[in-house]
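In what follows, a structure is listed as structure tokens, so that the remarks can point back to it.
What follows is the structure, encoded as structure tokens:
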């Protein structure tokens, strides 16, 4: 039995439902907070592929500590204490001295 607040559903399922509701109408902008942590590796790949698919009409702004997500994006912006400290591609980011400290899944 599922309660009206989704109380008996795992966090990963709740996050997938929320994400599906957000993208079903093909918006022009999708902004995500970290959402991949409680998901399986297969689900993570699938969601990243959906969100970053060039055929979708949206611009994606993803707040994430996932290297997989950053790798799939055209541009990566790194902020520290509210300031932009890097703007560029994932491959350019790999050359930065602080790269190893950025992601939880490297």
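Numbering (my numbering), first residue to last: 12 to 117.
Cβ coordinates follow ideal geometry from the N, Cα and C atoms, glycine included.
Remember, predicted model here, so these are calculated numbers, not experimental data.
Rounded straight-line distance, which links the Cα of residue j to that of residue i
i, j, result
"residue 54", "residue 74", "18 Å"
"residue 36", "residue 29", "13 Å"
"residue 46", "residue 102", "23 Å"
"residue 80", "residue 20", "25 Å"
"residue 68", "residue 38", "7 Å"
"residue 96", "residue 51", "31 Å"
"residue 60", "residue 87", "16 Å"
Cut-off 6 Å between Cβ atoms - residues of its own chain near residue i, not counting five sequence neighbours on either side
i, result
"residue 71", "41, 62"
DSSP bridge partner residues for residue i (one or two, in chain order)
i, result
"residue 40", "70"
"residue 88", "98"
Neighbourhood of residue i by C-beta, 7 Å cutoff - its chain only, sequence neighbours within 5 removed
i, result
"residue 93", "none"
Whole-angstrom C-beta distance between residue j and residue i, which should lie under 8 Å
i, j, result
"residue 57", "residue 115", "At roughly 19 Å, the Cβ-Cβ gap does not stay under 8 Å, so residue 57 and residue 115 are not in contact."
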